[in-house]
Structures are given as structure tokens and as C-alpha cells.
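Residue numbers (this note's numbering): 12 to 297.
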């Protein structure tokens with residue numbers, strides 16, 4: 012896959028801000044920053060809008076269609092996603108679009124932070140777009156791993172844990188929650204019963220793929236970073252709730268062209284609570 016077909020530069024974006032059929036999608040945990048400033052004309056789609064809190068995980072096909080229709084996004088639009096924090100949640104949004112078969116979705120290299128630092132045009136008004144009749148494809152399971160896929164992959168496929176070394180070793184459940192289970196209150200997506208990692212998983216933290224300005228490293232550097240993986244074995248990426256692992260999935264699948272790469276969106280929040288599945292911890296962790 013050509014890098015330019017999935018990753019656009021700020022210059023390309025600047026030149027296509029008013030191009031019919033190109034829709035910029037700003038995403039994140041909340042819309043506070045978006046309401047202050049964003050790429051001109053960008054549509055806001057919050058992370059929570061993609062979540063089904065009853066069924067847990069990504070919304071179903073019908074709800075995805077309703078969401079895109081309400082946002083004024085069409086099946087044939089070129090969608091360019093971006094977020095803050097080195098495009099962390101933009102990568103997850105990109106993955107959602109791929110899961111439901113969107114024809115042309117891309118990511119803005121460097122995300123909002125680089126766009127703002129470079130002094131590019133900013134907007135504050137939310138665009139008013141006419142509703143569409145979006146039609147999604149059935150979920151593409153070639154990009155999504157289930158817990159059964161992960162268990163079956165142990166010892167057979169590349170399993171990439173993209174969390175921090177401390178999460179991987181089992182010292183902590185999540186950053187900032189050392190020594191105890193991460194219990195964030197009202198968010199049922201982010202609870203696990205034990206710490207550790209999937210046996211045989213290699214730990215390559217997600218943020219190692221970006222430069223200081225949040226843009227992706229050159230292809231040669233990315234290839235070196237993942238040079239220890241077996242390119243013919245396929246790969247499953249996971250983290251805590253599927254966002255950081257979607258970022259690594261984007262690199263492996265879309266930028267490096269590795270075949271058979273799946274994001275385990277259930278990630279450790281699910282796997283860490285499964286009864287009877289194998290779990291490993293690092294040295295000194297009992």
C-alpha cells in the first residue's frame with residue numbers, strides 16, 4: 012500500500028480543505044479542544060460515539076451507519092481523520108472506518124498538534140453538513156481479532172503488546188495506577204482482574220513509531236523497529252482498550268504493508284479478566 016494513500020501531509024490537507032468529497036474528522040475523548048480550535052471545516056466525532064456501552068466495544072453496523080449519516084459523511088467521501096496526542100485516537104477512528112469497509116480513509120500526519128504548531132489555519136465553528144444515507148459494509152474481521160483469535164495465535168503468530176514496559180511486565184495495570192487494579196468508575200470498558208501479558212507477546216510501545224512532532228517515522232526506521240517480527244506469520248496487536256494497538260495496527264498494516272494484521276480491540280481489559288487463559292508476568296512479579 013502506498014504511504015500517500017493512507018497518510019496525508021499537512022500541505023495536502025491545506026490544499027483540500029474546501030474540496031468537495033473530502034471530509035476532515037476530528038476526534039478525541041471530549042470536544043473541549045475542538046470547540047476552541049480545529050482544522051477548518053472538520054467534523055467532530057467523539058470516541059464515545061463509537062462505543063456501545065451495553066454490548067461493550069464498537070457500535071454495530073446499523074448504529075455506525077446512523078452516526079455517519081448524522082455527521083454528514085457519505086460512503087464515497089474521502090475521510091481524513093486526526094486527533095491530538097500523535098493521532099492516538101485518530102488511529103482508532105481510522106480502524107473503525109476500515110472495520111466497516113469505508114472505501115477511502117486517511118490520516119493527517121502529525122495530527123492536530125503538529126498542524127497547530129506549524130501555524131496553519133484554524134477554525135472554531137462547527138460545520139453544518141446535510142445528513143446522508145451512509146451504507147456501511149458488514150464488519151471486516153480480517154482487521155479485527157477476538158479473544159479466541161488471540162488464544163489460538165499464542166506460539167503461532169506475532170503478538171505485539173504496545174503498552175508501557177510496566178504494564179507488560181505486570182507491575183501496573185495502566186499508567187498512573189501502580190500496584191492496584193485500574194477501576195475508573197463509570198467506564199466499564201477499562202476494568203481487568205489481573206495484570207500481565209499474553210504469553211509470547213513482544214513489547215513494542217506504540218509511541219516509538221513517531222517523531223517529536225507526532226508524525227510517523229520514515230518507512231525504513233519503522234521497518235527496523237519491527238524487524239524482529241516474522242513477516243510471514245501475521246500479527247495481532249493489543250493494549251489496554253484497543254486504541255494504542257490500533258495505532259500500531261495502522262503502522263504494521265497500512266504503512267509497512269504486513270499481511271494478516273489484526274487489532275484486538277478487547278485488549279487487556281477483556282483478556283485480563285478471562286478465566287483460565289494463560290498469562291505471563293515479568294521478573295519479580297508474583
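No residue lacks a Cβ here, since even glycine has one placed at the ideal position from N, Cα and C.
Predicted, not measured: the structure shown is a model, and the values here were computed from it.
Check for me: the alpha helix (DSSP H) holding residue i runs from which residue to which?
{"i": "residue 243", "result": "First-last for residue 243: undefined, no H or E at that position."}
{"i": "residue 75", "result": "72 to 82"}
{"i": "residue 43", "result": "43 to 47"}
{"i": "residue 235", "result": "230 to 236"}
{"i": "residue 176", "result": "176 to 180"}
{"i": "residue 25", "result": "21 to 26"}
{"i": "residue 265", "result": "Looking at the DSSP string, residue 265 is not in any alpha helix (DSSP H), and its letter there is neither H nor E."}
{"i": "residue 284", "result": "Counting along the chain, residue 284 falls outside any alpha helix (DSSP H), and DSSP gives it neither H nor E."}
Tell me which residue opens and which closes the beta strand (DSSP E) that residue i is part of.
{"i": "residue 259", "result": "First-last for residue 259: 254 to 260, but that is the alpha helix (DSSP H), not the beta strand (DSSP E)."}
{"i": "residue 274", "result": "272 to 274"}
{"i": "residue 90", "result": "89 to 93"}
Please determine whether the Cβ atom of residue i lies at a distance below 8 Å from any heavy atom of the ligand MG.
{"i": "residue 216", "result": "The model depicted lacks the ligand MG and carries no ligand whatsoever."}
Confirm, please, whether the CB-CB distance from residue j to residue i is below 9 Å.
{"i": "residue 253", "j": "residue 284", "result": "no"}
{"i": "residue 48", "j": "residue 135", "result": "yes"}
{"i": "residue 169", "j": "residue 247", "result": "yes"}
{"i": "residue 258", "j": "residue 53", "result": "no"}
{"i": "residue 171", "j": "residue 220", "result": "no"}
{"i": "residue 298", "j": "residue 174", "result": "Not covered by the structure: residue 298. The range shown for the chain is 12 to 297."}
{"i": "residue 110", "j": "residue 50", "result": "no"}
{"i": "residue 34", "j": "residue 205", "result": "no"}
{"i": "residue 147", "j": "residue 76", "result": "yes"}
{"i": "residue 98", "j": "residue 121", "result": "yes"}
{"i": "residue 207", "j": "residue 292", "result": "yes"}
{"i": "residue 241", "j": "residue 106", "result": "no"}
{"i": "residue 46", "j": "residue 137", "result": "yes"}
{"i": "residue 226", "j": "residue 143", "result": "no"}
{"i": "residue 209", "j": "residue 249", "result": "yes"}
{"i": "residue 216", "j": "residue 176", "result": "yes"}
{"i": "residue 223", "j": "residue 131", "result": "no"}
Which one or two residues does DSSP pair with residue i in a beta bridge?
{"i": "residue 213", "result": "171"}
{"i": "residue 160", "result": "Per DSSP, none; premise fails for residue 160."}
{"i": "residue 55", "result": "37"}
{"i": "residue 99", "result": "In the DSSP output, where bridge partners are listed per residue, residue 99 has none listed."}
{"i": "residue 227", "result": "221"}
{"i": "residue 18", "result": "118"}
{"i": "residue 62", "result": "69"}
{"i": "residue 247", "result": "170 and 273"}
{"i": "residue 291", "result": "208"}
With 9 Å as the threshold, decide whether the Cβ of residue i is near any Cβ in chain C.
{"i": "residue 152", "result": "Chain labels in this structure do not include chain C; a single protein chain is all it has."}
Stretch-stretch touch, CB-based, cutoff 8 Å, three pairs: the stretch 270 to 278 with the stretch 112 to 128: no
Hey, which unbroken runs of the beta strand (DSSP E) at 3 residues or more fall wholly within the stretch 106 to 157? 116 to 119
Measuring CB atoms only, is the stretch 12 to 29 touching the stretch 106 to 125, in the sense that at least three cross pairs come out at less than 8 Å? yes
Three Cβ pairs or more, each shorter than 8 Å: is that satisfied between the stretch 226 to 235 and the stretch 258 to 267? yes
Flag this pair as touching only if the stretch 60 to 69 and the stretch 24 to 34 have three or more C-beta atom pairs under 8 Å; answer yes or no. no
Is there contact between the stretch 51 to 58 and the stretch 154 to 169, where contact requires at least three CB pairs shorter than 8 Å? no
Stretch pair the stretch 29 to 49 + the stretch 83 to 94: three plus CB contacts closer than 8 Å: yes
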